[in-house]
Amino acid sequence: MRGFFAIYLREILILRKKLFRQVASMSVGPLLYLVAFGLGMGEGVQVSGRSYLEFLIPGLVAMSSMTQSFAIASEINIARFYWRIFEEFQAAPIRNIAYVAGEVLAGITRALLSVCIILIIGLASGIFLRYSLAFWLFVVVNSFVFASLAVCLAMLVKSHADQALLTNFFITPMAFLGGTFFPVERMPPWVQKTLQLLPLTHAAKAIRSSAFGLPFETFSLLLLTGLGLLLFVLAFLCVNRAKE
Amino acid sequence: MIRIENLTKRYRNLQALQGINLGVKEGELFAYLGPNGSGKTTTIKILTGLARPTSGDAYLDGFHIERDTLKAKKQCGLVTQTINLDHELTVYENLDIHGRLFHMSAGERKARIVELLEYVEIFDRRNSPVKHLSGGMKRRVMVARALMHKPRILFLDEPTVGLDPTIRRRIWSLIKKIQQNGSTIFLTTHYIEEAEFLADRVAFLDEGRVAAVGKPQDLMAQLGSWALDEIADGEMETTYFRSRDEANRHIERQKGGFALRRVNLEDVFLSMTGKRVKPA
Numbered sequence: 021m022r023g024f025f026a027i028y029l030r031e032i033l034i035l036r037k038k039l040f041r042q043v044a045s046m047s048v049g050p051l052l053y054l055v056a057f058g059l060g061m062g063e064g065v066q067v068s069g070r071s072y073l074e075f076l077i078p079g080l081v082a083m084s085s086m087t088q089s090f091a092i093a094s095e096i097n098i099a100r101f102y103w104r105i106f107e108e109f110q111a112a113p114i115r116n117i118a119y120v121a122g123e124v125l126a127g128i129t130r131a132l133l134s135v136c137i138i139l140i141i142g143l144a145s146g147i148f149l150r151y152s153l154a155f156w157l158f159v160v161v162n163s164f165v166f167a168s169l170a171v172c173l174a175m176l177v178k179s180h181a182d183q184a185l186l187t188n189f190f191i192t193p194m195a196f197l198g199g200t201f202f203p204v205e206r207m208p209p210w211v212q213k214t215l216q217l218l219p220l221t222h223a224a225k226a227i228r229s230s231a232f233g234l235p236f237e238t239f240s241l242l243l244l245t246g247l248g249l250l251l252f253v254l255a256f257l258c259v260n261r262a263k264e
Numbered sequence: 007m008i009r010i011e012n013l014t015k016r017y018r019n020l021q022a023l024q025g026i027n028l029g030v031k032e033g034e035l036f037a038y039l040g041p042n043g044s045g046k047t048t049t050i051k052i053l054t055g056l057a058r059p060t061s062g063d064a065y066l067d068g069f070h071i072e073r074d075t076l077k078a079k080k081q082c083g084l085v086t087q088t089i090n091l092d093h094e095l096t097v098y099e100n101l102d103i104h105g106r107l108f109h110m111s112a113g114e115r116k117a118r119i120v121e122l123l124e125y126v127e128i129f130d131r132r133n134s135p136v137k138h139l140s141g142g143m144k145r146r147v148m149v150a151r152a153l154m155h156k157p158r159i160l161f162l163d164e165p166t167v168g169l170d171p172t173i174r175r176r177i178w179s180l181i182k183k184i185q186q187n188g189s190t191i192f193l194t195t196h197y198i199e200e201a202e203f204l205a206d207r208v209a210f211l212d213e214g215r216v217a218a219v220g221k222p223q224d225l226m227a228q229l230g231s232w233a234l235d236e237i238a239d240g241e242m243e244t245t246y247f248r249s250r251d252e253a254n255r256h257i258e259r260q261k262g263g264f265a266l267r268r269v270n271l272e273d274v275f276l277s278m279t280g281k282r283v284k285p286a
């Protein structure tokens, strides 16, 4: 694992240099969703016995931790195809696992930053939920899944355009269908079964349960952890494929 | 210090290297010459772990590049053809990250960064983001970064490409200085004068094969000392002579325009392959 911290530190230094822009960019989406879906629908709308805004905030947390951890793929691709910094890592005496671990942790860090922004926006809107250890555990596990997926795909794509295509086909549909904006239970049974295949559905459910003080979602934790580990191993195996 | 045995590399429809055999001695400055697309960068990419060979073996300071890859990588520093610095980060941060990647301690990194930035005369710009530096400065930062972990072998892939002549000569002086400090240098270039000025030995690469290896003066002496360029029937023809007197006697019999000059490595490459290293 030697060299892992160098990979992580580099991503964090870059994040720090662009912090203002990043925070602004991370705030725009949640703010729009809160205004459009939350305030726009009014406080009268109730979902599962809670106001829609209360329902929405944990969903946005799940969605944002997914999109921001997955965004590490773009940073990797910029480093690989545009600045060619990836060659510097390839030529360094570090193991593939150190590289993957550094990038995944950087993805998780980005996700945590975006979640903090949503919670601040939520608090400013008067939404007070339970941000317990279980809540943060699910946020981290969800980010781990999508950061590992991001590194894996970033090693397989041949251009930055391919990466954008993958985001459009996998991440954007999941963001809208994974229980972020509506309770999956309200969908027809066959749709529910299909949506249960999406990791975000489990993450949104578990994060929401934790935020509402409901029982701990053990199955979701096991499922997401298992999937995250699998993707992490795949990412590790994919690093060699990025070699010419 | 570097040993390459029957190295081949095939990309889908292209045989980039067709069985390279080479050896570079410790402390030597070895220039790898050839036109664009001849396989120079591919060789460096394989030796430094950026690409996998299709077949063959290579050793850096006795370590096999694939079986002992981490140990082999520790021996070498790499300056790539394209500038691959982190433009958002400062000069200092770029070097610091490199030092961490090569497992240097905090104390070692700090001391080495100061030493190297003074060495490449860019210490006063240590806190500038790389994006604010000129092309020549970026090249010097890349050289400093490659030297951070005190590599025994330095790979320089077209280190002066795109630089103006003044800055190019400054980089040459730096390369000479690095060699005098004991490093083995493997340099690719398609600038003939660069190889003539810097190299102890050169290898000519043509379509993925080594066409010739030797000391520049020995290779040039095989052709002669003087070259006479003449236009005959609309085609440029070059004749080689052992001495200037011999060339002058030939000139007295000429009616058309001509140019007499010293033989250079371009002539050697041209006589062996019928091609120019740097197309006109």
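Residue numbers (the working numbering), protein chains in the order written: chain A, 21 to 264; chain B, 7 to 286.
Backbone N, C-alpha and C fix where the C-beta goes; we use that ideal spot for every residue, glycine too.
- DSSP links Ser61 of chain B through a beta bridge to B:Thr14.
- Under the Cβ distance rule, Asp67 of chain B does not count among the residues neighbouring chain A, no pair being separated by less than 8 Å.
- Within the stretch 93-120 of chain B, the residues whose Cβ lies closer than 8 Å to any Cβ of chain A are, in chain order, His93, Glu94, Leu95, Glu99, Ile103, His104, Arg106, Leu107, Phe108, His109.
- In chain order, Leu13, Thr14, Lys15, Gly45, Thr48, Thr49, Gly214 place their CB closer than 7 Å to the CB of Leu23 of chain B, counting only its own chain and leaving out the 5 sequence neighbours on each side.
- Excluding sequence positions up to five before and after Leu101 of chain B, its CB lies within less than 6 Å of the CB of Ile119, Arg151, Met154, all in the same chain and listed in chain order.
- In the structure shown, the three-state DSSP call for Pro135 of chain B is strand.
- Under the three-state reduction of DSSP, Trp178 of chain B is assigned to helix.
- Under a criterion of Cβ atoms nearer than 8 Å, no residue of chain A is adjacent to Leu276 of chain B; the nearest Cβ is some 31 Å distant.
- Not flagged as an interface residue toward chain B: Ile96 of chain A, since no C-beta distance is shorter than 8 Å.
- With respect to chain B, the C-beta atom of Glu205 of chain A has no partner C-beta closer than 8 Å.
- Along the stretch 43-68 of chain B, the positions whose C-beta sits under 7 Å from a C-beta of chain A are Lys51, Thr54, Gly55, Leu56, Ala57, Arg58, read in chain order.
- Around Gly23 of chain A, the beta-carbon contacts reaching into chain B at under 9 Å are Arg106, Leu107, Phe108, His109.
- The beta-bridge partner set that DSSP reports for Arg248 of chain B is empty.
- At least one CB of chain A lies nearer than 8 Å to the CB of Asn90 of chain B.
- Comparing alpha carbon positions, the residue from A:Tyr102, A:Phe164, A:Met83, A:Ala154 closest to Ala121 of chain A is A:Phe164.
- Residue range 232-238 is occupied by the beta strand (DSSP E) that includes Trp232 of chain B.
- Taking the beta carbon of Leu33 of chain A as reference, the chain B residues within 7 Å of it are Leu95, Glu99, listed in sequence order.
- Contiguous alpha helix (DSSP H) elements confined to the stretch 93-165 of chain A occur at 106-110, 116-144, taking only those with 4 or more residues.
- Legend: CB atoms of the stretch 74-85 of chain B lying less than 7 Å from CB atoms of chain A belong to residues Leu76, Lys79, Lys80, Leu84.
- Straight-line measurement puts the Cα of Ile198 of chain B at about 46 Å from the Cα of Val124 of chain A.
- DSSP lists B:Tyr65 as the beta-bridge partner residues of His70 of chain B.
- Secondary structure at Val171 of chain A: helix, using DSSP grouped into helix, strand and coil.
- Leu33 of chain A and Asp92 of chain B have their C-alpha atoms roughly 10 Å apart.
- In the displayed model, Val65 of chain A falls within coil according to three-state DSSP, outside both helix and strand.
- Using a 10 angstroms sphere on the CB of Trp210 of chain A, the tally of other CB atoms stays under 16, which defines it as exposed.
- Taking the CA atoms as reference points, Lys31 of chain B sits about 34 Å from Ile117 of chain A.
- Put simply, the stretch 260-275 of chain B touches the stretch 231-242 of chain B. At least three CB pairs are less than 8 Å apart.
- For Met242 of chain B, the beta-bridge partners assigned by DSSP are B:Ile237.
- For the 8 Å CB-CB criterion, Val259 of chain A and Tyr119 of chain A form a contact.
- Taking a cut-off of 8 Å on C-beta distances, the stretch 157-175 of chain B touches the stretch 82-91 of chain B, as three or more cross pairs fall below it.
- In this structure, Ala78 of chain B sits away from Arg9 of chain B, with a CB-CB distance that is not shorter than 8 Å.
- Judged by DSSP secondary structure, Thr195 of chain B falls within the beta strand (DSSP E) whose first and last residues are 190-195.
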